[in-house]
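Enquirer:
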Amino acid sequence: MKLRINGEWLTVPETVDTIGELLGHFQLDQRVVIVEQNETILEKESRSDNKVQDGDSIEIVQFVGGG
Amino acid sequence: MLKIGNQEFKSRLLLGTGKYPDFDVQKKAVEASGTDILTFTVRRMNIFEPSQPNFLEQLDVERYTLLPNTAGAKTAEEAVRHAKLAKASGLCDMIKVEVIGCDRTLLPDPVETLKATEELIKEGFTVLPYTSDDVVLARRLEELGAHAVMPGASPIGSGQGIINRENLRFIMEQSTVPVIVDAGIGSPADAAQAMELGADGVLLNTAVSAAEDPVKMAEAMKLAIEAGRLGYEAGRIPKKRYATASSPMEGMSRT
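Below is the structure:
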């Protein structure tokens, strides 16, 4: 399955079914990240319910230093 | 106490988290500053380096109020999106609106700042807009419901200190919400001066993070802001052109 993640097209295994699993695939499930799927910002609690589909555009962001 | 929205803070120093030499120095500087509010920004995660350390994850987030900014946004729309991303972390509902309108001076775009502030207030955020030193703009932001206004002292990261003393005073005298002097502070004297003028707080980053000794400078800023505030509350003497003796003239012993 092809996903556009942070602006780059990537291939992820078909076994990845949800946003929660996608984060697990990239070892980000324990990190403080925020996910936007097709321009909809997701609540943390709903990650395991949100299905990923071929062609989805996903943004994974975090807090970094800034003033 | 500094009251922003429905939250109260002991410290009047808001500290930025950008550009420190390393996380160890940064942690010590945050500690030394005594701050209650730390600013952050939202950026794409490098998904190929999941073990990359992150400062926020090393912090006791219960101890600090997080103030994410919308830095990098050039339109109200971008700022609103960044604010919503930050809020979706579940870690904060405050936002520093920062919509830059000029790449060289990094001065804010007043029109987009107003739009973003209006929208985010409707969305229920606690909104602290970074603004230029325009007294009318500050009033308009306050009328929209901004929870504080944050005029700059001089361009971001310039360390020029306060180049617009009277403009800042106009805003401080008019405002019924906290006025936080944000950007341009270079030294403890600048921070103290902002507080003496009547600022409710000071937000700074580079002055600490890029100092030769950030930890020591963090403590210096803490003390300067406390001193400036006390001085403001105490009420300074008026300036006079000529001297007034401090010692009595009567009873002078002469041979």
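As they're listed, the protein sequences go chains A and B.
Per my numbering, residue 350 is the first one in the first sequence, and the count goes up by one each step.
Per my numbering, residue 26 is the first one in the second sequence, and the count goes up by one each step.
The beta-carbon is built from N, C-alpha and C at its ideal position, and this holds for glycine as well.
1) The alpha helix (DSSP H) with Val233 of chain B in it runs from where to where?
2) Name the chain A residues that come within less than 8 Å of Met70 of chain B, Cβ to Cβ?
3) Could you check whether His172 of chain B and Gly30 of chain B sit closer than 8 Å to each other, using their CB atoms as the reference points?
4) Could you give the distance in angstroms between the alpha-carbon of Ile62 of chain B and the alpha-carbon of Thr90 of chain B?
5) In this structure, what does DSSP give as the bridge partners for Thr66 of chain B?
6) Give me, in chain order, the residues of the same chain whose beta-carbon lies closer than 7 Å to that of Val50 of chain B; leave out the 5 immediate sequence neighbours on both sides.
7) Going by DSSP, what residue range makes up the alpha helix (DSSP H) through Pro213 of chain B?
8) Output the residue ranges of the beta strand (DSSP E) runs that lie fully inside the stretch 144-207 of chain B and measure 3 residues or longer, sorted by chain position.
9) Measure the alpha-carbon distance for Ala141 of chain B versus Glu102 of chain B and round it to whole angstroms.
10) Tell me the residue span of the alpha helix (DSSP H) that contains Arg88 of chain B.
11) Look up Ser36 of chain B in the DSSP assignment and say whether it is helix, strand or coil.
12) Taking CB distances under 8 Å as the criterion, tell me whether Glu370 of chain A reaches chain B.
13) Going along the chain, which residues of its own chain have a beta-carbon closer than 7 Å to the beta-carbon of Met197 of chain B, five neighbours each way excluded?
Expert: Here's the rundown:
1) In the DSSP assignment, Val233 of chain B falls within the unbroken alpha helix (DSSP H) covering Thr231 to Ser234.
2) Asn355, Leu377, Arg380, Val382, Ile409, Val410 and Gln411
3) yes
4) 5 Å
5) Secondary-structure assignment with DSSP links Thr66 of chain B through a beta bridge to A:Val413.
6) Taken in chain order, the residues that qualify are Pro239 and Val240.
7) Pro213 to Leu222
8) 151-156 and 205-207
9) 7 Å
10) Run containing Arg88 of chain B: none; DSSP gives neither H nor E here.
11) coil
12) no
13) Val204, Leu222, Gly223 and Ala224
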